[in-house]
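What follows is a short report on a single structure.
Residue numbers (the numbering used here): 46 to 375.
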């Protein structure tokens, strides 16, 4: 069977966005091919301060995720993992270095910076690929995909000649995050209880209706949740740290939550150029009734289990069960 081209995934996802945004009376996405002047391509487009931004690493299928780390330089006879993968590994290394051997924090500033990067990455930076079983797009946070496909295993990192200090510490921190599908509407007041199901992957529809959430501190008694995607300022900060001002090849899509921007990026310099062009088109901040300021995390309130007849029924298409109240929580 012939391999599905990544460019086909980009075009198909653009068309899916076009068709599914029309029903919401939203302007169809602006397809930007990063050649020429992005300022002229954006025209007089204005972008709401409430927009959230995503970066999708495009793959043909999930089996090609491993190409992030399994490439080989045959001329030099050395492994050649992608720059993006090594950057994410470097953050985990920084996180590991912030701990002493006995598990105490020895560098709080480094730890906080690493944790912020990880949070931003899981919130906005995902793999996008075609699921051949469901015949639909599938979305998965970059870190989660790399870990699931064993890219962050000790054996694989050794093959890539990548060292991560205290790898177990770093992976433990990573694993305190999970994806959740909210059974409560995004407009619901934050003070009210919410229910969610644990999921491994995101369907594009879940980004449109904002039901997909990032759950942090998931193993604690007081987990937190936040919407996926990042407000522009945080997205800009993440991209700047990710690119480091350098040029390297990529194959990603920059998408805004309204779908007004849909840009196919093949080099990080183009990504930085587009971010710079978007900045003056951001409208002034305005209160967002569906989001806390600057994408802040929110507590998950776990209410007493409802009678079966009134209990929200999870969507059977979601691969998880409703979270239940833990002992001692109100």
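In this text, a Cβ means the ideal position worked out from N, Cα and C, and glycines have one as well.
- Across the set 251, 324 and 139, the C-alpha of 324 shows the shortest separation from the C-alpha of residue 279.
- In this chain, residue 150 is not harboured by any alpha helix (DSSP H), its DSSP state being neither H nor E.
- Residue range 313-323 is occupied by the alpha helix (DSSP H) that includes residue 323.
- Counting other Cβ atoms within 10 Å of its Cβ, residue 104 reaches 16 or more and is therefore classed as buried.
- Residue pairing from DSSP places residue 301 in a beta bridge opposite 98.
- In this structure, 281 is the residue among 120, 254 and 281 with its C-alpha nearest to the C-alpha of residue 319.
- Residue 265 sits exposed, since fewer than 16 C-beta atoms from the chains shown fall within 10 Å of its C-beta.
- Scanning the region 228-289 from its first residue to its last, the whole beta strand (DSSP E) runs of 3-plus residues come out as 241-244, 257-261 and 269-272.
- The region 144-163 and the region 224-232 do not touch, with fewer than 3 CB-CB distances between them shorter than 8 Å.
- Between residue 311 and residue 58, the gap from beta carbon to beta carbon reaches 8 Å or more.
- Between residue 90 and residue 305, the beta carbon gap of about 7 Å places them in contact (Cβ cut-off 8 Å).
- When secondary structure is reduced to three states using DSSP, residue 159 falls in the helix class.
- Bounds of the beta strand (DSSP E) holding residue 173 are 170-176.
- Of the residues 277, 181 and 313, the one whose Cα lies closest to the Cα of residue 291 is 313.
- In the DSSP assignment, residue 192 falls within the alpha helix (DSSP H) that extends over 187-193.
- Across the set 206, 276 and 295, the C-alpha of 276 shows the shortest separation from the C-alpha of residue 94.
- A contact between stretches requires three or more CB pairs, one per stretch, nearer than 8 Å, and the region 129-144 meets this requirement with the region 187-203.
- The C-alpha of residue 258 is placed about 12 Å away from the C-alpha of residue 185.
- Counting other Cβ atoms within 10 Å of its Cβ, residue 122 stays below 16 and is therefore classed as exposed.
- In this structure residue 288 is in contact with residue 316, their Cβ atoms being roughly 6 Å apart against a cut-off of 8 Å.
- Between residue 114 and residue 201, the C-beta gap is smaller than 8 Å, which places the two residues in contact.
- Residue 96 is positioned such that its CB atom lies closer than 8 Å to that of residue 301.
- Burial state of residue 178 is exposed, judged by a 10 Å Cβ sphere holding fewer than 16 other Cβ atoms.
- Residues 226 and 227 of the same chain have their beta carbon placed closer than 6 Å to that of residue 256, with the five preceding and five following residues left out of the count.
- Residue 296 and residue 260 do not touch by the CB rule: their CB atoms are close to 29 Å apart, not below 8 Å.
- Where residue 217 is concerned, the enclosing alpha helix (DSSP H) starts and stops at 212-219.
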